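**Q**
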Amino acid sequence: MSHKSARLPRRQFLKSALAVGGAIGAPQIIPSSALGLDGFTAPSERVIIGGIGIGNRGTYDLGCFLEQKDVQFVAVCDVKEARRTAVKKMVDSKYGTEKCDTYRDFRELLDRKDIDAVLIATGPNWHATAAMNAAKAGKDMYCEKPCTKNIAQSLILAETMRRTGRVFQAGTQRRNLPHFAFACELARSGKLGKIKKVFAHPAGMQAMMSGWLVPEPEPDKNIVDWDTYLGPAAWRPFNAKQLDGFNFEKGGGLVGGGVLEWGSHCVDLCQWAMGDCAPPVVYNAPKDGQLVAVYENGAELIYRETGWIPLGSCPVRFEGETGWVEAGDSGKLVLSSPELLAGREVAEIGGYPATFHVRDFLDCLKTRSQPKGNADAACNAHIACHAANIALYLNRQVKFDNTTHEFIDDAQANRLRSEALREPWRL
Amino acid sequence: MLFSRIPFGSVCLLTMLLTVSTSTYADDRNASPDKERELLAVLESDSPGAEKAITCKLLAIHGSAAAVPQLARLLENEQLSSWARIALEAIPGPEAKAALRHATNSLTGRLLVGTINSIGVGRDAEAVDLLVTRLQDPDAEVASAAAVALGRIGNPAAAKALRPLLATSSAETRSAVAEGAVLCAERFFLADDHDAAVALYDDVRKADVPRQRILEATRGAILARKSDAGIALLIEQLNSKDLALFQISLSTAREFPGSHIDKALAAELAKAAPERAAMVIHAMADRKETVVLPAVIKAAGQGPKPVRLAAIGALGRVGNDTCLAPLLQAGVESDADLARAAREALSDLPGASVDKEIVSRLAKAEGKSYPLLIELVGKRRISAIPELQKALDNSDKNVRSAALAALGATVPPKNLSILITQFVSPKHADDEAVAKQALMAACIRMPDREVCAEDLSKALAKSEVSSQTALLQILGAVGGTKALQTIGTSAKSSEPELQDAASKLLGEWMTIDAAPVLLDLTKSAPDEKYKARAIRGYIRIARQFVMPEPERLAMCEQALQACRNPGEQKLLFDILKRYPSIDTLKMALKLTQDVPELKDDGTQAVMAIAQKLNTKGDEVVELLSKGGLGKVKLEILKAEYGAGPTQKDVTETLQKQASDFQLVSLPQSGYNESFGGDPAPNTVKQLKVQYRINGKDGQATFAENALIVLPMPK
Numbered sequence: 070m071s072h073k074s075a076r077l078p079r080r081q082f083l084k085s086a087l088a089v090g091g092a093i094g095a096p097q098i099i100p101s102s103a104l105g106l107d108g109f110t111a112p113s114e115r116v117i118i119g120g121i122g123i124g125n126r127g128t129y130d131l132g133c134f135l136e137q138k139d140v141q142f143v144a145v146c147d148v149k150e151a152r153r154t155a156v157k158k159m160v161d162s163k164y165g166t167e168k169c170d171t172y173r174d175f176r177e178l179l180d181r182k183d184i185d186a187v188l189i190a191t192g193p194n195w196h197a198t199a200a201m202n203a204a205k206a207g208k209d210m211y212c213e214k215p216c217t218k219n220i221a222q223s224l225i226l227a228e229t230m231r232r233t234g235r236v237f238q239a240g241t242q243r244r245n246l247p248h249f250a251f252a253c254e255l256a257r258s259g260k261l262g263k264i265k266k267v268f269a270h271p272a273g274m275q276a277m278m279s280g281w282l283v284p285e286p287e288p289d290k291n292i293v294d295w296d297t298y299l300g301p302a303a304w305r306p307f308n309a310k311q312l313d314g315f316n317f318e319k320g321g322g323l324v325g326g327g328v329l330e331w332g333s334h335c336v337d338l339c340q341w342a343m344g345d346c347a348p349p350v351v352y353n354a355p356k357d358g359q360l361v362a363v364y365e366n367g368a369e370l371i372y373r374e375t376g377w378i379p380l381g382s383c384p385v386r387f388e389g390e391t392g393w394v395e396a397g398d399s400g401k402l403v404l405s406s407p408e409l410l411a412g413r414e415v416a417e418i419g420g421y422p423a424t425f426h427v428r429d430f431l432d433c434l435k436t437r438s439q440p441k442g443n444a445d446a447a448c449n450a451h452i453a454c455h456a457a458n459i460a461l462y463l464n465r466q467v468k469f470d471n472t473t474h475e476f477i478d479d480a481q482a483n484r485l486r487s488e489a490l491r492e493p494w495r496l
Numbered sequence: 022m023l024f025s026r027i028p029f030g031s032v033c034l035l036t037m038l039l040t041v042s043t044s045t046y047a048d049d050r051n052a053s054p055d056k057e058r059e060l061l062a063v064l065e066s067d068s069p070g071a072e073k074a075i076t077c078k079l080l081a082i083h084g085s086a087a088a089v090p091q092l093a094r095l096l097e098n099e100q101l102s103s104w105a106r107i108a109l110e111a112i113p114g115p116e117a118k119a120a121l122r123h124a125t126n127s128l129t130g131r132l133l134v135g136t137i138n139s140i141g142v143g144r145d146a147e148a149v150d151l152l153v154t155r156l157q158d159p160d161a162e163v164a165s166a167a168a169v170a171l172g173r174i175g176n177p178a179a180a181k182a183l184r185p186l187l188a189t190s191s192a193e194t195r196s197a198v199a200e201g202a203v204l205c206a207e208r209f210f211l212a213d214d215h216d217a218a219v220a221l222y223d224d225v226r227k228a229d230v231p232r233q234r235i236l237e238a239t240r241g242a243i244l245a246r247k248s249d250a251g252i253a254l255l256i257e258q259l260n261s262k263d264l265a266l267f268q269i270s271l272s273t274a275r276e277f278p279g280s281h282i283d284k285a286l287a288a289e290l291a292k293a294a295p296e297r298a299a300m301v302i303h304a305m306a307d308r309k310e311t312v313v314l315p316a317v318i319k320a321a322g323q324g325p326k327p328v329r330l331a332a333i334g335a336l337g338r339v340g341n342d343t344c345l346a347p348l349l350q351a352g353v354e355s356d357a358d359l360a361r362a363a364r365e366a367l368s369d370l371p372g373a374s375v376d377k378e379i380v381s382r383l384a385k386a387e388g389k390s391y392p393l394l395i396e397l398v399g400k401r402r403i404s405a406i407p408e409l410q411k412a413l414d415n416s417d418k419n420v421r422s423a424a425l426a427a428l429g430a431t432v433p434p435k436n437l438s439i440l441i442t443q444f445v446s447p448k449h450a451d452d453e454a455v456a457k458q459a460l461m462a463a464c465i466r467m468p469d470r471e472v473c474a475e476d477l478s479k480a481l482a483k484s485e486v487s488s489q490t491a492l493l494q495i496l497g498a499v500g501g502t503k504a505l506q507t508i509g510t511s512a513k514s515s516e517p518e519l520q521d522a523a524s525k526l527l528g529e530w531m532t533i534d535a536a537p538v539l540l541d542l543t544k545s546a547p548d549e550k551y552k553a554r555a556i557r558g559y560i561r562i563a564r565q566f567v568m569p570e571p572e573r574l575a576m577c578e579q580a581l582q583a584c585r586n587p588g589e590q591k592l593l594f595d596i597l598k599r600y601p602s603i604d605t606l607k608m609a610l611k612l613t614q615d616v617p618e619l620k621d622d623g624t625q626a627v628m629a630i631a632q633k634l635n636t637k638g639d640e641v642v643e644l645l646s647k648g649g650l651g652k653v654k655l656e657i658l659k660a661e662y663g664a665g666p667t668q669k670d671v672t673e674t675l676q677k678q679a680s681d682f683q684l685v686s687l688p689q690s691g692y693n694e695s696f697g698g699d700p701a702p703n704t705v706k707q708l709k710v711q712y713r714i715n716g717k718d719g720q721a722t723f724a725e726n727a728l729i730v731l732p733m734p735k
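Each protein sequence line maps, in turn, to chains A and B. The numbers in the numbering used here rise by one with no breaks, and the one at position 281 of the first sequence is 350. The numbers in the numbering used here rise by one with no breaks, and the one at position 248 of the second sequence is 269.
1. Within 8 Å (strictly less), CB to CB, does A/Arg-386 reach chain B?
2. Please go through the stretch 229-281 of chain A and give each complete alpha helix (DSSP H) segment of 4 or more residues, from N-terminal end onward.
3. Beta-carbon of B/Arg-232 versus every beta-carbon of chain A: anything under 8 Å?
4. With burial defined as no fewer than 16 other Cβ atoms inside 10 Å of the residue's Cβ, what is the status of B/Met-733: buried or exposed?
5. Does DSSP classify A/Asp-337 as helix, strand or coil?
6. Within 10 Å of its beta-carbon, does A/Ile-371 have 16 or more other beta-carbons around it, so buried, or fewer, so exposed?
7. Could you run through the stretch 81-96 of chain B and flag, in chain order, every residue whose CB is less than 8 Å away from some CB of chain A?
8. In the DSSP output, what is B/Thr-510 paired with across the bridge?
9. Which residue comes first and which comes last in the beta strand (DSSP E) that contains A/Trp-393?
10. Between B/Asn-415 and the rest of its own chain, which residues show a CB-CB distance below 7 Å, the 5 nearest in sequence each way excluded?
11. Around the Cβ of A/Asp-294, are there at least 16 other Cβ atoms within 10 angstroms (buried) or fewer (exposed)?
12. Taking a Cβ distance cut-off of 8 Å, strictly less, list which residues of the stretch 433-454 of chain B are near chain A, in chain order.
13. Tell me whether B/Ala-631 is buried or exposed, calling it buried when 16 or more other Cβ atoms sit within 10 Å of its Cβ.
14. Give the range of the beta strand (DSSP E) segment to which A/Ile-371 is assigned.
15. Please list, in chain order, the residues of the stretch 471-495 of chain A that have any C-beta partner in chain B closer than 9 Å.
16. Going by DSSP, what residue range makes up the alpha helix (DSSP H) through B/Ile-560?
17. Under a three-way DSSP split, which group does B/Val-219 fall into?
18. At what residues does the beta strand (DSSP E) containing A/Met-210 begin and finish?
19. Please list, in chain order, all residues of the same chain as B/Leu-254 whose beta carbon is under 8 Å from its beta carbon, the five residues on each side excluded.
20. Going along the chain, which residues of its own chain have a beta-carbon closer than 6 Å to the beta-carbon of B/Glu-147, five neighbours each way excluded?
21. Please give the ranges of any alpha helix (DSSP H) in the stretch 104-160 of chain B, keeping only runs that are unbroken, at least 4 residues long and fully inside the region.
22. Per DSSP, which one or two residues make a beta bridge with B/Lys-389?
23. Can you tell me the Cα-Cα spacing of A/Glu-388 and A/Ala-272, whole angstroms?
24. Does any C-beta atom of chain B lie closer than 8 Å to the C-beta of A/Glu-254?
25. Determine the burial state of A/Asp-174: buried for a count of at least 16 other Cβ atoms within 10 Å of its Cβ, exposed for fewer.
26. Just verifying my parser: in three-state terms, what is the DSSP assignment at B/Ile-657?
27. Quick check: the Cα distance between B/Val-486 and B/Lys-479, rounded to an integer number of angstroms?
28. Expressed to the nearest angstrom, what Euclidean distance is found between the alpha-carbon atoms of B/Ser-355 and B/Leu-345?
Shown next, in the form of structure tokens:
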């Protein structure tokens, strides 16, 4: 992720959020004091955080963490020396110390017993593998999206978090913004009638490739650790053009791309609107700029490029038998009927800040509750993206069985469910 | 990353491999032997590694048993082994599994680790013996991989091999052995062999293994024991001095089936230390269906403040009508935090009977409880109009304000006049602001906005100017035909305040029907500044809203007629660029030619439109030539992207993208993406280009992500 967005002071948000009132309108953020947490957070009980892969997006996330009074950021790991140095400077400057440690190999950071949780903001190539390693090392984590490269990884992610008992928050920060939360709640609570269609804007429904470029002289490991950068991705020679982690091996190459990049946000919101149910079971071939998937109950999840009310990026729309709602990154909502507001004022927060999502993570880390972007929710939303990408790639309908987690009578699609990791990495 | 950058390899193969359009594999429902043979020919050839790599990936889709031997040969190739395993993991059937097993005989180090990992992914039961042997491998990474692979296979033989190693394996492999054992136990549990699962989990719990493995085994041991034995073990952890065990007990409690666990948690809550009691309450409340409410109610009413706060919050989420009285009591406590938490909980408290009870209490309420109950009527959307009307006459401003806010949230259409009257002619002057807010809240939720707008328009006609401005704002929020009409009329009134408010509202209107009203105002607004505002509003609608393209073009023509200066005309380029067509290109060209001040902006717009019309090349070129913006001979001499001393040479990229026009389009949407990464993170960057057009040298600098239109050198 490289999208820049504004951060709001927490107090300002809580004021907005609390002004909303009512179960439907509220963004469902509970201030720490109401959780019974504030009174027990002595300095010695701060959440100790380390960062893995802190580039552009990671720096933004890190800023959100550093705003939190109960966070102590102590170490950064990055395969690029320039990033290690920049983050250390940022953190040390914040605390007025020289104590932020730097690592090239994230396993050394995970070995530290004092670290409670990690911020994983590598490129998507590393998200799932780093998350699984962190969980097995006993760390809770806030992990940027897209969190997985394929269907199998999505399932293993959810299983691993259950098995290890770790708190996982995907970087799906829109779940903690009031207007999106309100729109999803309208859908979930039946205020729109039975849901017939949910719409997501994948912004670029085409596959992206990550290949093997012309070899270039490999830098010293301490400058750029290419082997670790490749990590679970199949081997290829060094080429500086591939150092942009944002696009490298998104979705593993053949079937990644647009649906996954934005879908991990907007499809995720559609899933939330549908009650975080199992992902759709039928994915049709794309036609006229849209791809229609169908849930078990007959409702449709429609990935479409155009036809949106101008409400900013990442729009979603939920249509029920009696009403509809559309929302986007401007922080605004459009409703089929003003009655749906039922007198509520929904706080309008544009620019998709992550501050509240980070707070949600930290609160859940303490209570061991499930945050909004928990691993099960992320698993289902990512499967909906991966399966759509497979239908897109094969240019035909595929049918998915949510019990076996396999495509039905479709050997070709099933071969795209997973992909081997480069040695020595495993999930 | 684009494969088209690969400078080697056969053109036809690359075309086949790299064209990732959605139609390329449209007919590949079943693996095609021809395609497989074609791919295998690449593996057999002297093709570069890049081609063989992607061939492996495609064999994952198109390969069969016939591809296995060649793929297996690549397992010892350090560069291609990982690519080969992508295919070998994907190809179904015994051949691929056998090849992976066989390869372990000769591989060492990381390549062996990768192959063992693939065996684990395939859950190949036939590999158990060889994996057991590898458990003793001197290379700890190999032994660890074998342990985890055995765990994934998860049969009794695997468990039998792993169990003794929990005590005897080296420190380096112990964690992986425990991981394998936990995975095995999980398999047993899923297969309903709970006794075997419990035994294995317990072995791990007792072993000298990393803390996280013990936590995983503890969770498993609790769930596999089920019922009373599981609960007993869970409670033991809940009382552990070890924070990690306490935490795993909380997350496991949320998973535990049945309702006995809820009673056990309730019993423990009474005994828990304050710093843990709040956490227990959260776990209890997360079990919404079976939570023991009396225990949470008790915690909400007395005890340390953080515990009370947690309990009050929990009641708001999972409580029922039995929680009303204690929460009402907490809602008027002197402690502001507790009172606020209770009020929020009361707003959310589930149950229809709660509403009935609140209205019943309202009739006899007094003191602090009175405004609290009124507030709840509003927040819970309870119908209690007579009670709220009565409260409007109360001498206490807090009571009146609460009543107004509650009316805003609940008043039905037939009673909207109550709020209109309260706003236009309030009994108490200091109620006006609250009344306005309440009226706004009520109006925007009215089911028939035309009826609502009619009521507001009538009130507006009879009001003072100060109230009229506020009513216009409310009408703007309501929207619809009548509101639009009233606001349009107000924009032409003789009152400057109304002109200002109305023209602002029209400029932000969210439906397309404001266009004719705005167009009319471009000519008839009483003040020049409102005419300018109307033109911008009209152009905004043409730019942002969905409409048939001929209609949009007609709006552009109308806007052009209405524009009074180049500054306004320039705004049209944003529309034309956003909806590229031959027609918008023609209009942009005409504007560029007719208005000398717009030459630079117009040229940029024309080029941007032309670039997007690449399927209509001839027609575009002809139009550009006629407009004096035809093809040029462009050479990129040097290009650098970055900030200060940190500059990246991007000459090659720009040279590749240069065409016969002054505009250079990039392969990706942003500079960073197009130029292979961000050369100077978190700093303002520029692109500097030296170039030659038709033999004349020029140079230009562009801000990050600006459209690259190279000026014609002088």
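Every residue, glycine too, gets a C-beta built ideally from N, C-alpha and C. Only a predicted model underlies this, so the values are computations on that prediction, with no experimental measurement involved.
**A** Judging by the given coordinates:
1. Within the first sequence, residue 386 of chain A is the residue found at index 317, counting from 1. With a threshold of 8 Å between beta carbons, A/Arg-386 makes no contact with chain B.
2. With a minimum length of 4 residues, the continuous alpha helix (DSSP H) runs that stay inside the stretch 229-281 of chain A are 247-257.
3. Here residue 232 of chain B is taken as the residue at index 211 of the second sequence, counted from 1. True, the Cβ-Cβ gap to chain A drops below 8 Å.
4. Within the second sequence, residue 733 of chain B is the residue found at index 712, counting from 1. By the 10 Å Cβ count, B/Met-733 comes out exposed.
5. Counting from 1 along the first sequence, the entry for residue 337 of chain A is found at position 268. In the three-state reduction of the DSSP assignment, A/Asp-337 falls in the helix class, which pools H, G and I.
6. Within the first sequence, numbered from 1, the residue matching residue 371 of chain A stands at position 302. Buried, since its Cβ has 16 or more Cβ neighbours within 10 Å.
7. Ala-81 and Ile-82
8. Here residue 510 of chain B is taken as the residue at index 489 of the second sequence, counted from 1. None; B/Thr-510 has no bridge partner.
9. The residue you call residue 393 of chain A lines up with position 324 of the first sequence. Looking at the DSSP string, the run of the beta strand (DSSP E) that includes A/Trp-393 is 393-396.
10. As a working mapping, residue 415 of chain B is identified with position 394 in the second sequence. Here the set comprises Arg-421.
11. The residue given as residue 294 of chain A occupies position 225 in the first sequence. Looking at its Cβ environment, which holds 16 or more other Cβ atoms inside 10 Å, A/Asp-294 is buried.
12. none
13. For the purposes of this step, residue 631 of chain B is identified with residue 610 of the second sequence, where counting begins at 1. Buried is the call here.
14. Residue numbering aside, residue 371 of chain A sits at position 302 when the first sequence is read from its first letter. Start and end: 369-373.
15. Asp-479, Ala-480, Gln-481, Asn-483, Arg-484, Leu-485, Arg-486, Ser-487, Glu-488, Ala-489, Leu-490, Arg-491, Glu-492, Pro-493, Trp-494 and Arg-495
16. Walking along the second sequence from the start, residue 560 of chain B turns up at place 539. 549-565 is the span of the alpha helix (DSSP H), which, as asked, contains B/Ile-560.
17. Numbered from 1 along the second sequence, position 198 holds the residue referred to as residue 219 of chain B. Three-state result, B/Val-219: helix.
18. Residue 210 of chain A sits at position 141 when you count from the first residue of the first sequence. Its beta strand (DSSP E) spans residues 209-212.
19. The residue labelled residue 254 of chain B in the question sits at position 233 within the second sequence. Excluding residues within five positions, the ones whose Cβ falls inside 8 Å are Thr-239, Ala-242, Ile-243 and Arg-246.
20. As a first step, residue 147 of chain B must be located in the second sequence, where it is residue number 126. Closer than 6 Å at the Cβ level, and outside the excluded window around B/Glu-147, lies no residue.
21. 115-124, 130-142 and 149-155
22. By one-based count along the second sequence, residue 389 of chain B stands at place 368. DSSP lists no partner for B/Lys-389.
23. If you number the first sequence from 1, residue 388 of chain A lands on position 319. If you number the first sequence from 1, residue 272 of chain A lands on position 203. Approximately 20 Å between the Cα atoms of the pair.
24. By one-based count along the first sequence, residue 254 of chain A stands at place 185. Put simply, the CB of A/Glu-254 is far from chain B, with every gap to its CB atoms at 8 Å or more.
25. Walking along the first sequence from the start, residue 174 of chain A turns up at place 105. Exposed: under 16 other Cβ atoms inside 10 Å.
26. For the purposes of this step, residue 657 of chain B is taken as the residue at position 636 of the second sequence. Strand at B/Ile-657.
27. Translated into positions along the second sequence, residue 486 of chain B becomes position 465. Translated into positions along the second sequence, residue 479 of chain B becomes position 458. The alpha-carbon atoms of B/Val-486 and B/Lys-479 are separated by roughly 14 Å.
28. Position 334 of the second sequence, counting from 1, holds the residue named residue 355 of chain B. Position 324 of the second sequence, counting from 1, holds the residue named residue 345 of chain B. If I take the Cα positions, the gap works out to 18 Å.
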